[in-house]
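Below: the structure, in structure tokens.
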Amino acid sequence: MSTPLFHARLEWRREELEREEAGWLRKSGWSYKSQTPTCHWMWLKEWDGKTFMVDQKTASRIQAHWDAEADARAHPELYGD
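Dropping the structure here:
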């Protein structure tokens, strides 16, 4: 059976992971902003002539995909055909 302390620690770790993810996104060129006063804050990045404005989880997935593509181009011998 879980305890309140367990849930507090779990929530603390989730918040810590979100902060780490946000730092990685910033280092990858994403910015965190709101385009209008009534808009939710979103992650924003220009890429290949397009502007992406998405939530943090989506930004993380997009960036991971771009990083994997760049890695595959840099090391084709590791990825086969």
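Under my numbering, the first residue of the sequence shown is numbered -17, with each subsequent residue one higher.
Cβ atoms here follow ideal geometry from the backbone N, Cα and C, with glycine treated the same way.
For residue j and residue i, the rounded distance between their alpha carbons
i: Ala103; j: Leu60; result: Because the chain in this structure spans residues -17 to 63, residue 103 falls outside the shown range and cannot be described.
i: Lys9; j: Lys27; result: 12 Å
i: Phe34; j: Ala50; result: 18 Å
i: Arg(-4); j: Lys32; result: 31 Å
i: Glu2; j: Phe(-12); result: 21 Å
i: Ser16; j: Val36; result: 11 Å
Residue of the options minimising C-alpha distance to residue i
i: Arg43; options: Leu(-8), Glu(-3), His57 and Trp25; result: Trp25
i: Trp23; options: Asp49, Ser13 and Glu0; result: Ser13
i: Asp30; options: Lys15, Ala56 and Trp48; result: Trp48
9 Å Cβ cutoff met for residue i and residue j
i: Ala4; j: Gln45; result: no
i: Ala41; j: Leu7; result: yes
Cross-strand partners of residue i (DSSP beta bridge)
i: Leu26; result: Ser13 and Met35
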